[in-house]
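Peer 1: In the UniProt record's numbering, the protein residues as written are 1 to 330.
By construction, the Cβ of each residue, glycine as well, lies at the ideal position given by its N, Cα and C atoms.
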């Protein structure tokens with residue numbers, strides 16, 4: 001109870017501070033709502049399309065499905081309650097739901113990061129060891145790996161953010177009745193460490209990938225006959241450009257969506273009670289985490305030719321069915 005009372009005066013002042021920055025808070029809320037619409041619109045459609053694609057490796061399908069499910073659950077179990085709390089100014093559910101909310105937020109966002117890491121590893125193995133890819137990343141191994149990661153992540157998040165007294169979220173008894181974070185120094189250090197390890201590992205793998213892609217492009221161009229030199233140069237440039245653009249998009253998305261929250265966890269740990277965030281900025285940082293779920297659809301699904309083709313077929317089929325039913329009513 002003392003931990004709840006410690007936060008009452010702080011978040012009462014935060015309510016007045018939020019009113020002072022109302023335009024920024026409203027803009028951030030609109031941005032978060034639009035992000036939720038993107039997540040709930042694109043993710044289910046692309047997940048359904050993934051089930052009808054046969055040209056993607058089974059391991060890649062498992063990792064992509066894990067990413068899609070984690071993004072959907074993040075939007076459902078974290079994004080929606082966050083939007084309701086931002087609009088109403090109070091936590092809409094009870095204390096137990098507040099604790100569960102903190103656990104699910106940490107677990108689902110971490111699972112999204114780990115799914116992206118697995119997809120990066122999948123691409124790394126496919127490019128660096130193409131002949132051994134199917135023996136290294138089998139469907140069974142990928143399923144066991146993802147299931148194990150989901151279980152371990154959930155258990156760790158329950159221990160850190162559910163059972164731990166400092167890591168649990170609590171409801172402020174005074175106005176505003178928000179579901180707020182406790183004074184969790186150790187937990188913030190864990191979050192910052194996970195973010196840092198995942199980002200560094202992905203940057204390292206994509207650096208190797210882009211170097212290998214450029215080397216292969218030069219090798220392909222060198223094996224082309226002199227009469228086809230200009231066409232070979234264009235092909236080399238196209239391969240190098242495509243790999244570079246892919247790496248820039250992925251790394252740019254990581255920096256945009258994850259680094260702000262990583263810095264927020266670091267500042268909370270270092271500053272403690274001196275950390276006084278702008279409510280609008282806080283909502284924008286949360287929105288960027290949600291936005292990662294919408295951008296993942298574009299990066300890993302819509303940019304894939306096979307998934308895009310299956311998606312077009314499903315859309316055209318749905319349009320045909322709707323037109324037929326409309327003709328029947330007419």
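1) How is residue 179 classed by DSSP in three states: helix, strand or coil?
2) State buried or exposed for residue 271, treating a residue as buried only when at least 16 other CB atoms are found within 10 Å of its CB.
3) Cβ of residue 208 within 8 Å of Cβ of residue 128?
4) Below 8 Å on the Cβ atoms is my contact criterion, and I expect residue 339 with residue 111 to pass it. Report the Cβ-Cβ distance as a whole number of Å.
5) Would you call the region 125-140 and the region 83-94 touching, i.e. three or more CB-CB distances under 8 Å?
6) Under a three-way DSSP split, which group does residue 56 fall into?
7) CB residue 178 to CB residue 90, shorter than 8 Å?
8) Determine the burial state of residue 262: buried for a count of at least 16 other Cβ atoms within 10 Å of its Cβ, exposed for fewer.
9) What is the DSSP secondary structure of residue 8, counted as helix, strand or coil?
10) Is it buried or exposed for residue 116, if we count other Cβ within 10 angstroms and need 16 for buried?
11) State yes or no: is the C-beta of residue 119 within less than 8 Å of the C-beta of residue 64?
12) Closest to residue 59 by CA distance: which of 126, 88, 81 and 43 is it?
13) State the Cα-Cα distance for the pair residue 284 and residue 299, rounded to the nearest angstrom.
14) Taking the C-alpha atoms as reference points, what is the distance between residue 157 and residue 314?
15) According to the neighbour-count rule (16 or more other Cβ atoms, all chains shown, within 10 Å of its Cβ), is residue 317 buried or exposed?
16) Quick one: what's residue 171 bridged to in DSSP?
17) Rounded to whole angstroms, what's the CA-CA distance from residue 30 to residue 133? Just pull it up for me.
18) For residue 85, is the classification buried or exposed, using 16 other Cβ atoms within 10 angstroms of its Cβ as the cut-off for buried?
19) Please classify residue 44: is it buried, with 16 or more other beta-carbons within 10 angstroms of its beta-carbon, or exposed?
20) Taking all protein chains shown into account, decide if residue 334 is buried (16 or more other Cβ within 10 angstroms of its Cβ) or exposed.
21) Take the Cβ of residue 204 as the centre, count every other Cβ of all protein chains shown within 10 Å, and call the residue buried at 16 or more, exposed below.
22) Out of 56, 286, 81 and 162, which has the shortest C-alpha to C-alpha gap to residue 257?
Peer 2: On the basis of the supplied data:
1) In the chain shown, the residue the question calls residue 179 occupies position 179. Strand, per DSSP.
2) Within the chain shown, numbered from 1, the residue matching residue 271 stands at position 271. With fewer than 16 Cβ atoms within 10 Å of its Cβ, residue 271 is classed as exposed.
3) Taking the chain shown and counting its residues from 1, the one referred to as residue 208 is at position 208. Taking the chain shown and counting its residues from 1, the one referred to as residue 128 is at position 128. Annotated as proximal: residue 208 and residue 128, with beta-carbon spacing under 8 Å.
4) A query on residue 339 cannot be resolved here, the shown segment of the chain reaching from 1 to 330 and no further.
5) Segment contact: the region 125-140 against the region 83-94, fewer than three CB-CB distances shorter than 8 Å; contact not assigned.
6) In the chain shown, residue 56 corresponds to position 56, counting from 1. In the displayed model, residue 56 falls within coil according to three-state DSSP, outside both helix and strand.
7) For the purposes of this step, residue 178 is taken as the residue at position 178 of the chain shown. For the purposes of this step, residue 90 is taken as the residue at position 90 of the chain shown. Cβ distance < 8 Å, so residue 178 and residue 90 count as in contact.
8) Mapped onto the chain shown, residue 262 falls at position 262. Counting C-beta atoms within 10 angstroms of its own C-beta, residue 262 has 16 or more neighbours from the protein chains shown and is therefore classed as buried.
9) In the chain shown, residue 8 corresponds to position 8, counting from 1. For residue 8, the pLDDT reaches just 46, beneath the cut-off of 50, and the residue's location in the model is therefore unreliable, leaving the point undetermined.
10) Position 116 of the chain shown holds residue 116. Sixteen is the threshold: when 16 or more other Cβ atoms of the shown chains lie within 10 Å of the Cβ of residue 116, as they do, the residue is buried.
11) Sequence index remark: in the chain shown, residue 119 carries index 119 (1-based). Sequence index remark: in the chain shown, residue 64 carries index 64 (1-based). In this structure, residue 64 lies closer than 8 Å to residue 119 by Cβ.
12) For the purposes of this step, residue 59 is taken as residue 59 along the chain shown, with counting starting at 1. Among 126, 88, 81 and 43, the Cα nearest to that of residue 59 is on 126.
13) The sequence position of residue 284 within the chain shown is 284, counting from 1. The sequence position of residue 299 within the chain shown is 299, counting from 1. Those two C-alpha atoms are separated by around 21 Å.
14) On the chain shown, position 157 is the one that residue 157 refers to. On the chain shown, position 314 is the one that residue 314 refers to. Put simply, the backbone Cα of residue 157 is about 38 Å away from that of residue 314.
15) The residue labelled residue 317 in the question sits at position 317 within the chain shown. Residue environment for residue 317: exposed (fewer than 16 other C-beta atoms within 10 angstroms of its C-beta).
16) For the purposes of this step, residue 171 is identified with residue 171 of the chain shown, where counting begins at 1. Residue 171 is bridged to 179.
17) As a position in the chain shown, residue 30 is number 30, starting the count at 1. As a position in the chain shown, residue 133 is number 133, starting the count at 1. Near 44 Å, if we compare the C-alpha coordinates of residue 133 and residue 30.
18) Locating residue 85 in the chain shown gives position 85, where the first residue counts as 1. Classification for residue 85: buried.
19) By one-based count along the chain shown, residue 44 stands at place 44. Its Cβ having fewer than 16 others within 10 Å, residue 44 is exposed.
20) Look at the range of the chain in this structure, 1 to 330, and you will see that residue 334 is not part of it.
21) Position 204 of the chain shown, counting from 1, holds the residue named residue 204. Of the residues assessed, residue 204 falls on the exposed side of the cut-off, its CB having fewer than 16 other CB atoms within 10 angstroms.
22) Taking the chain shown and counting its residues from 1, the one referred to as residue 257 is at position 257. The residue with the shortest Cα to Cα distance from residue 257 is 286.
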